[in-house]
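Letter by letter, the sequence shown follows residues 196 to 265 in this note's numbering.
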Amino acid sequence: MPNVEITVPEHLEMQIAQLIEQGEFVNREEAIQELLSTGIRAYKTSGPIEEEEPGFEDEGMMGHEDEYVF
């Protein structure tokens, strides 16, 4: 399996660590593999998101582009 090195924002690293602590994943490698796979499947299903007029949704609920709270 190829090795990939990525840099993620601190808030994403904290969320991954929290999922591991909650027992959702055994370790970081498993978490990142599963989260990437899920994201790719979702992207393939929905396709790229069309850009609309900038608004509240562009910044997420917590002010981060890629973080949404439900």
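Here a beta-carbon is modelled for each residue, glycine too, at the ideal position from N, C-alpha and C. Just so we're clear, the structure is a prediction, and the values are computed from it rather than from any experiment.
Quiz item: Which of the three DSSP states, helix, strand or coil, is assigned to Q228?
Solution: Position 33 of the sequence shown, counted from the first residue, corresponds to residue 228. Q228: helix per DSSP, three-state reduction.
Exercise. Leaving aside the five residues before and after E219 along the sequence, list all residues of the same chain whose C-beta is less than 8 Å from its C-beta, in chain order.
Key: Residue 219 sits at position 24 when you count from the first residue of the sequence shown. Closer than 8 Å at Cβ, skipping near neighbours: A226.
Quiz item: Between I267 and Y238, what straight-line distance do the alpha-carbon atoms span, to the nearest angstrom?
Solution: Since the first and last residues shown for the chain are 196 and 265, residue 267 lies out of range.
Self-check item: T240 versus G234 - alpha carbon distance
Solution: For the purposes of this step, residue 240 is identified with residue 45 of the sequence shown, where counting begins at 1. For the purposes of this step, residue 234 is identified with residue 39 of the sequence shown, where counting begins at 1. Each residue's alpha carbon lies about 10 Å from the other.
Quiz prompt | Rounded separation between H206 and Q228 - CA only | solution = Taking the sequence shown and counting its residues from 1, one reaches residue 206 at position 11. Taking the sequence shown and counting its residues from 1, one reaches residue 228 at position 33. Taking the straight line from one Cα to the other gives about 18 Å.
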